[in-house]
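Asks:
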Amino acid sequence: MPPPRRPITPGPDPYPNQRGRGALLGLAVGDALGVTFKGKLLPAPPFPQLADIPHRTLKGGGPFELRKGQVGENGQMASCLGVGLRELGSYDADQQLRRYLAWQGHAAGMSEYMTEVLTEVAESGLPKATAGRRMWLKGMRRVAHNGSLARTAPLGVFFHEDTQARVQASLADSALTHFDPRCQLACAAFNGSIAHALTAGERLKREDLITAAMSGLTVGSAILGRSAADYVQEVTVATTFLKEDLAAAQQDDPMLYWPDLHMHRKQDHVRVAFRLAYWEVLHAPSFEAGMLDIINRGGDTDSNGAVAGALLGAFHGEDAIPSEWRQGVLEAMGPGSGPLGSLYHPRQLLPLAPE
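By the count of the UniProt record's numbering, the sequence shown reaches residue 355 at its end, each step adding exactly one.
#1: Using only the alpha-carbon positions, how far apart do Q96 and D319 sit?
#2: Would M110 and E65 qualify as a contact pair, given that the criterion is a beta-carbon distance under 7 Å?
#3: Flag this pair as touching only if the region 68 to 83 and the region 334 to 353 have three or more C-beta atom pairs under 8 Å; answer yes or no.
#4: If you draw a straight line from the C-alpha of A277 to the C-alpha of G62, how long is it?
#5: So which of G220, A249, G39, T240 has the shortest CA-CA distance to I210?
#6: With burial defined as no fewer than 16 other Cβ atoms inside 10 Å of the residue's Cβ, what is the status of L41: buried or exposed?
#7: Report the three-state DSSP secondary structure of H145 (helix, strand or coil).
#8: Grouping DSSP H, G and I as helix and E and B as strand, with all else coil, what is G20?
#9: Helix, strand or coil for G192 per DSSP?
#10: Suppose the cutoff is 8 Å on Cβ atoms and the five residues either side in sequence are ignored; what does the same chain contact list for G334 look like?
#11: Note down the Cα distance separating L101 from G290, rounded to an integer number of angstroms.
#12: Mark T239 as exposed unless 16 or more other C-beta atoms lie within 10 angstroms of its C-beta, in which case mark it buried.
#13: Please list the segments of the alpha helix (DSSP H) lying wholly inside the region 169 to 225, counting only runs of 4 or more residues, in order along the chain.
#14: How long is the line joining the alpha carbons of T9 and I194, rounded to whole angstroms?
#15: Which residue spans inside the region 262 to 287 form an unbroken alpha helix (DSSP H) run of at least 4?
#16: What is the DSSP secondary structure of L246, reduced to helix, strand or coil?
#17: Taking only runs of the alpha helix (DSSP H) that begin and end inside the region 44 to 88, which ones reach a length of at least 4 residues, in chain order?
#18: By the DSSP assignment, the alpha helix (DSSP H) with Y100 in it spans what residues?
#19: Cα separation between L204 and A44?
#20: In this structure, does DSSP put Y15 in helix, strand or coil?
#21: For residue 408, tell me which candidate among R271, V329, A353, G336 has the shortest Cα-Cα distance.
#22: So the alpha helix (DSSP H) K138 belongs to, where does it begin and stop?
#23: Is there a Cβ of chain C sitting closer than 7 Å to that of N296, yes or no?
#24: Got a sec, what are the start and stop residues for the alpha helix (DSSP H) R326 sits in?
#25: What number of angstroms, rounded off, separates the C-alpha of K59 from the C-alpha of Y91?
#26: Taking 7 Å as the cut-off, decide whether the C-beta atoms of N191 and A273 are in contact.
#27: Can you check whether the CB of P285 is closer than 7 Å to the CB of H106?
#28: How is Y344 classed by DSSP in three states: helix, strand or coil?
#29: Give me, in chain order, the residues of the same chain whose beta-carbon lies closer than 6 Å to that of T165; leave out the 5 immediate sequence neighbours on both sides.
#30: Just to check my reading of the structure: A197 and Q184 have Cβ atoms closer than 8 Å, yes? What is that Cβ distance to the nearest angstrom?
#31: Applying the criterion that 16 or more other CB atoms from any shown protein chain within 10 Å of the CB defines a buried residue, is I321 buried or exposed?
#32: What residue range is occupied by the uninterrupted alpha helix (DSSP H) comprising H160?
#33: Exposed or buried, H269, counting other C-beta atoms within 10 Å across all chains shown (16 or more means buried)?
#34: Cα separation between G11 and A23?
#35: Just to confirm the assignment, what range does the alpha helix (DSSP H) spanning A306 have?
#36: How should Q49 be labelled, buried or exposed, when 16 other C-beta atoms within 10 angstroms of its C-beta is the threshold for buried?
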C-alpha cells in the first residue's frame, strides 16, 4: 500500500513582490527616461496611435543635465519617502517633511515649484506643515502640479493591505507640498490601483485598476471632505474631475490635446499625468510601449513617466521592464556621488516590496 501523499504547501505568492518591485522600479525608470525631453513640445501621432521615436533609451541630459540613468526630483523624493517608511514602519507627515527639507540641500533637477514650497517651509516662520496649503492659496486655488503624484507610489506599495492607512498617508504626503484637492485625491486614487495590483493575484485585469482607483477616490473624498471643511466645494469638484479623467482614459482618445486639458500646459499637470497613466495601462500592450509613447509626446515627460511607469510596472511586474532600463537606473550614480548615490537613490525603494 503506497504511503499517503503529503499535502502540498503552496509557496509564497510571487505577485506582491514582482508587482511591488515593478511599481517602484517603474517610477524610477519612467523618471530617468523622461528627463531628456522634459519641457519639449514634441510632435506626436494622435491617440490611440502610440509614439515610439525618436527617444528609446536612457540618455540623461535635459534641462537639468542629469547623468544617464539618473533620476530627478520624482525619483529622489520617492526614495526619500521610501527611507522614511522603512525606518519608521509607518508614515509620519512631520518627519517626512523634515526628510524632504534635508533632501533639498542635495537635490538635482528640482522644479521651480518644489524649490518655492520648500523655501516656504524653511523660511516663512509659519507652521511648516501648512506650507503646501499656503502655496495653494497664494496661487488662487488654481495650481495643481503633479509632483506629489509622481512620488506617491511607495505609499501604495507599503500600505497595500491597509486601505485607511494608505488613503490617509496619500492625502497627508501630498498636502505637504501639493495641497490642491485634485493632487491629494489623485494620490489616493492612484495608490488604490497600486495596492490592488499587488493583492489581486493572477486574475488581475487592466480594468480592475480603474475600479480600484474609483474606490480609493471615494474613500479619499470622504476623508478629505471631513478634514478640509473650508474646501468642501473644491473637494467635490476635484472628485468630479478625477472621475472624468478615469472615464476619458478608457476611450481611444483621452482628450489630452484639447483646450481644457493639454499635454503641454502646466497648470493642470496632475490631471494630465493621472489620465495619461491610466490610458497607457489600458491601451499600451506592454510596459515598454507605454513608456515610449509618453516620453516621445513631450511635455512634463519625467513626471508623466514616473506616474505611468509606476502604474504600468504594478500591472506588468518587474520582469516586463526592459533589463537595460532597470540596470541603467540601478547602476547610475556610483561610489563618490554622495547622498544622490545612496540615501536618495532608487535602490532605497526596493526593500519596500513585499517578500
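Every residue, glycine too, gets a C-beta built ideally from N, C-alpha and C.
Replies: From the atom records:
#1: 31 Å
#2: no
#3: yes
#4: 22 Å
#5: A249
#6: exposed
#7: coil
#8: helix
#9: helix
#10: G341
#11: 33 Å
#12: buried
#13: 181 to 199
#14: The pLDDT assigned to T9 is 47, lower than 50, so where the model puts this residue is not dependable, and the model offers no usable value.
#15: 269 to 283
#16: helix
#17: 73 to 88
#18: 93 to 104
#19: 31 Å
#20: helix
#21: No statement about residue 408 is possible, as the shown extent of the chain runs from 1 to 355 and does not include it.
#22: 131 to 138
#23: Protein chain content of the structure displayed is limited to a single chain, and chain C is not contained in it.
#24: 323 to 330
#25: 34 Å
#26: no
#27: no
#28: coil
#29: Residue 165 is actually Ala in this sequence, not Thr. Closer than 6 Å at Cβ, skipping near neighbours: F159.
#30: Rounded, the Cβ-Cβ distance is 21 Å, inconsistent with contact.
#31: buried
#32: Where H160 is concerned, there is no enclosing alpha helix (DSSP H), given that its DSSP letter is neither H nor E.
#33: buried
#34: Per-residue confidence for G11 stands at a pLDDT of 48, beneath the threshold of 50, marking its modelled position as unreliable; the derived number appears in the next sentence. Taking the straight line joining both Cα atoms gives about 22 Å.
#35: 301 to 316
#36: exposed
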